[in-house]
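Visitor: Let me begin by handing over the structure; questions about it come next.
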Amino acid sequence: MPEQPEQNEVITLVDEEGQEHDFNVVDVLELEGSEYAILLPAKEDTEEAIILKFAKDDDENDILVDIEEDEEWEKVADAWEELVMKEGEES
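Using our numbering, the first residue of the sequence shown is number 6, and each one after it goes up by one.
Here it is in structure tokens:
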């Protein structure tokens with residue numbers, strides 16, 4: 006079974022059209038019993054993070070999926086923003 010990505014790791018995801026995209030793993034956080042990956046596109050010049058949720062496929066392998074509910078996405082985005090702000094205050 007593949008392990009979950011770690012912070013600063015680069016992972017490759019395949020979109021619906023079969024195109025591969027590399028992402029830097031910025032953070033992995035747990036919220037309300039679920040785990041989420043915060044990703045930044047590796048080759049694009051953007052600061053816009055992508056948040057995906059860890060799930061299991063039929064073979065019980067870890068996979069990353071889109072967050073379906075806007076409310077859930079907002080909770081994760083807010084939690085990550087708080088974490089970033091806290092880390093910024095500490096340094």
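Cβ coordinates follow ideal geometry from the N, Cα and C atoms, glycine included.
Measure from the alpha carbon of A82 to the alpha carbon of each residue in N29, P46, K61, V33, then state which is nearest.
Guide: In the sequence shown, counting from the first residue as 1, residue 82 sits at position 77. Comparing Cα positions, the closest option is V33.
Visitor: Since A82 is in the alpha helix (DSSP H), which residue starts that stretch and which ends it?
Guide: Taking the first residue of the sequence shown as 1, we reach residue 82 at position 77. Segment 75 to 95, the alpha helix (DSSP H) holding A82.
Visitor: Excluding the 5 residues preceding and the 5 following P7 in the sequence, name in chain order all residues of the same chain whose CB lies nearer than 8 Å to its CB.
Guide: Stepping through the sequence shown from its first residue, residue 7 is reached at position 2. For P7, the pLDDT reaches just 44, beneath the cut-off of 50, and the residue's location in the model is therefore unreliable, although a value from the coordinates is still provided. Only N66, D67 meet the Cβ criterion.
Visitor: Does E76 pass the burial test, meaning 16 or more other C-beta atoms within 10 Å, or should it be called exposed?
Guide: For the purposes of this step, residue 76 is taken as the residue at position 71 of the sequence shown. Label assigned to E76: exposed.
Visitor: Compute the distance between the beta-carbons of D27 and A47, then report whether it is under 7 Å.
Guide: As a first step, residue 27 is located in the sequence shown; it is residue number 22 there, counting from the start. As a first step, residue 47 is located in the sequence shown; it is residue number 42 there, counting from the start. The answer is yes: Cβ separation under 7 Å.
Visitor: Excluding the five sequence neighbours on either side, which residues of its own chain have a C-beta within less than 7 Å of the C-beta of D71, listed in chain order?
Guide: In the sequence shown, residue 71 corresponds to position 66, counting from 1. Hits under 7 Å: L57.
Visitor: Taking the alpha-carbon positions, what's the E74 to G38 distance?
Guide: On the sequence shown, residue 74 is found 69 positions in, with the first residue counted as 1. On the sequence shown, residue 38 is found 33 positions in, with the first residue counted as 1. Taking the straight line from one Cα to the other gives about 16 Å.
Visitor: Three-state secondary structure (DSSP) at D20?
Guide: Position 15 of the sequence shown, counted from the first residue, corresponds to residue 20. It is coil, neither helix nor strand.
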